[in-house]
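One rule links them: number in this note's numbering = place in the sequence shown (from 1) + 1312.
By construction, the Cβ of each residue, glycine as well, lies at the ideal position given by its N, Cα and C atoms.
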Amino acid sequence: SDAGMNLICSCYAAISDIAEVGVCMHGEMSDSFCLFIRGTKVRKMHTSRRDAFRPINDLPLAKVWPSGRIEVVNRNHRKRGDGEVELDARFEPRIALLKAYPGSEPEIIDFLVSKGYRGFVIEGTGLGHVPTFAEKSWIKTIKRHVKDGIPFVVAPQTLYGRINPRVYTNLRILYMDAGAIPGEDMLPETAYVKLGWVLGHTQDMDEVRRLMLTNHAGEITERSLPETFLY
């Protein structure tokens, strides 16, 4: 079992100077070292490999050996201090995570709104696209609900890379006319949790946009670094 080494490395990570919530598990298939990865930037990328948990759009915080040796990889992290931990758990659970795919019907959104859902995270294709063809276009539906105070955040279906709202005409329409929020390089699941937290604090659409585009816990990186791809 890989559990023993993961637990030992996690304990060393927990008492290190890196004050981040993260995952610390095998860095490769053998029992050599673990990767300590920021919680907002980690994803399980294989069903069964020991090193299934990988950093996405970010470098791991550190390599941790079961001997206690720690090698910091990512200098962009919070350091331990004397401040007390505060729990801010206000959360809006009525959030949907939808995947954009060919032939999908915008009525799915209408149905969920009718059931009381208060916000949506969409896994957009490419640079952040949703279906736009004729009667199956999502854009009119999104625009209508945004006007009614329901936010739509688009995160990259590719996982790696960043949403860009300006490259193509359909993207400019979706983000600048319809009012969708580009999710930068956030993981879809991270954007889902973040939107629930934001809506637990405010329903004001301008404030929702501001908070979603603000980096709170390392979920948005300032720059996309080549070395973070397939780390």
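Should Val1376 go down as buried or exposed, given a rule of 16 or more other Cβ atoms within 10 Å for buried? If you number the sequence shown from 1, residue 1376 lands on position 64. Looking at its Cβ environment, which holds 16 or more other Cβ atoms inside 10 Å, Val1376 is buried.
Drop a sphere of 10 angstroms on the beta-carbon of Leu1399, count the other beta-carbons inside from all chains shown, and report buried for 16 or more, exposed for fewer. Reading the sequence shown from its first residue, position 87 is the one you call residue 1399. Leu1399 comes out exposed.
Taking 6 Å as the limit between beta carbons, can you name the residues of its chain near Ile1327, skipping five residues before and five after? Stepping through the sequence shown from its first residue, residue 1327 is reached at position 15. Nothing meets the Cβ criterion.
Would you identify the three-state DSSP class for Thr1437, choosing helix, strand or coil? The residue labelled residue 1437 in the question sits at position 125 within the sequence shown. The answer is strand: DSSP assigns Thr1437 an E or B state.
For Glu1383, which of helix, strand or coil comes out of DSSP? For the purposes of this step, residue 1383 is identified with residue 71 of the sequence shown, where counting begins at 1. Residue state, collapsed to three classes: strand.
Please report how far the alpha carbon of Arg1402 lies from the alpha carbon of Gln1515, in whole angstroms. Along the sequence shown, one-based indexing puts residue 1402 at 90. Along the sequence shown, one-based indexing puts residue 1515 at 203. Taking C-alpha positions only, Arg1402 is separated from Gln1515 by approximately 13 Å.
Let's test the definition: count the other Cβ atoms within 10 Å of the Cβ of Arg1484 and tell me whether it reaches 16, buried, or not, exposed. Taking the sequence shown and counting its residues from 1, the one referred to as residue 1484 is at position 172. It counts as exposed.
Give me whichever residues DSSP pairs with Pro1367 in a beta bridge. Position 55 of the sequence shown, counting from 1, holds the residue named residue 1367. For Pro1367, which the question treats as bridged, DSSP gives the partners Val1354.
Suppose contacts are defined by Cβ-Cβ distances below 7 Å. Is Glu1435 in contact with Ala1467 by that definition? Walking along the sequence shown from the start, residue 1435 turns up at place 123. Walking along the sequence shown from the start, residue 1467 turns up at place 155. Annotated as proximal: Glu1435 and Ala1467, with beta-carbon spacing under 7 Å.
Considering only the beta carbon of each residue, do Met1317 and Pro1367 sit closer than 7 Å? Position 5 of the sequence shown, counting from 1, holds the residue named residue 1317. Position 55 of the sequence shown, counting from 1, holds the residue named residue 1367. No, these two residues do not count as a Cβ contact at 7 Å.
Taking 7 Å as the threshold (C-beta atoms), are Asn1369 and Asp1489 in contact? Counting from 1 along the sequence shown, the entry for residue 1489 is found at position 177. Counting from 1 along the sequence shown, the entry for residue 1369 is found at position 57. Not in contact: Asp1489 and Asn1369 (Cβ atoms no closer than 7 Å).
Look up Lys1375 in the DSSP assignment and give the residues it is bridged to. Mapped onto the sequence shown, residue 1375 falls at position 63. Answer by DSSP bridge pairing, in chain order: Leu1347 and Glu1383.
Quickly, what does DSSP pair Ile1407 with across the bridge? List them, please. What you label residue 1407 is simply residue 95 of the sequence shown in a count that begins at 1. Answer by DSSP bridge pairing, in chain order: Gly1431.
With distances taken between CB atoms, is the gap from Leu1507 to Ile1407 smaller than 7 Å? Counted from its first residue, the sequence shown places residue 1507 at position 195. Counted from its first residue, the sequence shown places residue 1407 at position 95. The answer is yes: Cβ separation under 7 Å.
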